[in-house]
Amino acid sequence: MSNSTLNIIKIGGNVIDDDIQLEAFLEKFAAIPGKKILVHGGGKIATRLGARLGIEAKLVEGRRVTDKEMLDVVTMVYAGLTNKRIVACLQKHQCDAIGLSGADGNVIKSVKRPVREIDYGFVGDILADSVNTLAIKKFLEAGFTPVFSAITHNGNGQLLNTNADTIASALSTSLSGLYDTSLIYCFEKNGVLTDVMDDNSVIETITAKQFEGYKEQGVISDGMIPKLQNAFDAINKGVKSVYIGNATNLHLFQQQKFGTRLVIK
Ligand SMILES: Nc1ncnc2c1ncn2[C@@H]1O[C@H](COP(=O)(O)OP(=O)(O)O)[C@@H](O)[C@H]1O
Ligand SMILES: CC(=O)N[C@@H](CCC(=O)OP(=O)(O)O)C(=O)O
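Numbering (the UniProt record's numbering), first residue to last: 1 to 265.
Right, dumping it as structure tokens:
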């Protein structure tokens, strides 16, 4: 008997930051049939709230340096305000969502990133076997749609800030043992582009080798580099399909007409 399908969708920070775009996306997400999971961060909102509180944001290669005060800010923004607003909006659209940090139901454990050249502070890395697939399965089988924020815990009382793209990738690789899992990264552009200013320049399929080439040429840069690394990690570890595309077109991914599709070669 084949496994049932599971769609894991990550929504990007620029869409979350726009109330109208966010609700339009959540309405489309709510309409997807079957088992599904949503993952979100909210980095821009955390940066703004931090600034209002006099706590300056510092990012290194797309990862936030998270001291104790910044950890309070990101916990309030990701696991609190953003997560609860998303859950309430999904409930409005008849999707029975349940908001989670990694600590809730012990769903995702992480370890504080070791200090090397940079001390990232309270940032958590997810090691193999740190996703509690059985707990998540219980939520899914009970008919809930889990909504994961970018906060995890170390099992010893410490919350840790964890990149949302990485959470989506780790969830999809862990759950691909139980379900035919697809991972869909949604953001504000039409996919991986050959010209970041031209939304018509979508690369329809991309291999790891092509990714390396585009990276060297500077065609792919910034946040797209760690996003694609997380995406290739997932496809290499058994996730059935991985797409990167525009949140506005979410309804098209089931017809396989969505943004950029990753290919193993
Ligand atoms: N080739 C590319 N195609 C699309 N986006 C790119 C590309 N190179 C760099 N980017 C940048 O990467 C960003 C996406 O990364 P990020 O901001 O981390 O996403 P998210 O908000 O989904 O977490 C885009 O907004 C874009 O500015
Ligand atoms: C460690 C780390 O960098 N965590 C991220 C988590 C949020 C996130 O990933 O949000 P987006 O998807 O909106 O970028 C951060 O604090 O920015």
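A virtual CB, placed ideally from N, CA and C, is assigned to each residue, including glycine.
Exposed or buried, residue i, counting other C-beta atoms within 10 Å across all chains shown (16 or more means buried)?
i: LEU53; result: exposed
i: LYS138; result: exposed
i: ARG116; result: exposed
To the nearest angstrom, how far is it from the Cα of residue i to the Cα of residue j?
i: LEU22; j: ARG85; result: 10 Å
i: VAL60; j: PHE148; result: 23 Å
i: PHE211; j: LEU71; result: 33 Å
i: HIS251; j: ALA142; result: 25 Å
i: ASN246; j: ILE32; result: 16 Å
i: LEU6; j: GLN229; result: 21 Å
i: ASP222; j: GLY213; result: 15 Å
i: ASP129; j: LEU90; result: 29 Å
i: ASN200; j: GLY157; result: 47 Å
i: THR162; j: THR47; result: 15 Å
List the endpoints of the continuous alpha helix (DSSP H) containing residue i.
i: TYR185; result: Premise fails: TYR185 lies in the beta strand (DSSP E), 180-187, not in any alpha helix (DSSP H).
i: ARG113; result: Where ARG113 is concerned, there is no enclosing alpha helix (DSSP H), given that its DSSP letter is neither H nor E.
i: PRO226; result: 224-236
i: ALA168; result: 164-175
i: GLY50; result: 43-52
i: LYS28; result: 19-31
i: ILE203; result: Here ILE203 belongs to no alpha helix (DSSP H), and DSSP marks it neither H nor E.
i: ILE86; result: 83-92
Which residue comes first and which comes last in the beta strand (DSSP E) that contains residue i?
i: LEU6; result: 5-11
i: LYS68; result: Note, LYS68: premise wrong, no beta strand (DSSP E); alpha helix (DSSP H) at 68-74.
i: VAL242; result: 241-246
i: GLY143; result: Counting along the chain, GLY143 falls outside any beta strand (DSSP E), and DSSP gives it neither H nor E.
i: LYS35; result: 35-40
Determine the closest residue to residue i out of the options, with distance taken between C-alpha atoms.
i: ASP67; options: LEU160, ASP195, MET224 and SER174; result: LEU160
i: ASN249; options: ASP198, GLY213 and CYS186; result: CYS186
i: ALA208; options: LYS35, VAL263 and VAL131; result: VAL263
i: HIS93; options: ASP180, LYS227 and LYS28; result: LYS28
i: LEU140; options: VAL239, ILE206, GLY42 and LEU178; result: LEU178
i: LEU175; options: GLY157, THR166 and ASN132; result: ASN132
i: SER172; options: LYS237, ARG48, ASP199 and ASP195; result: LYS237
To the nearest whole angstrom, what separates the beta carbons of residue i and residue j, a pair I think is in contact under 8 Å?
i: PRO226; j: GLY62; result: 5 Å
i: VAL202; j: GLY121; result: Incorrect: roughly 37 Å between the Cβ atoms, too far for contact.
i: THR145; j: GLY124; result: No, THR145 and GLY124 are not in contact; Cβ-Cβ is about 24 Å, not under 8 Å.
i: ARG261; j: THR205; result: 5 Å
i: TYR78; j: GLY42; result: 5 Å
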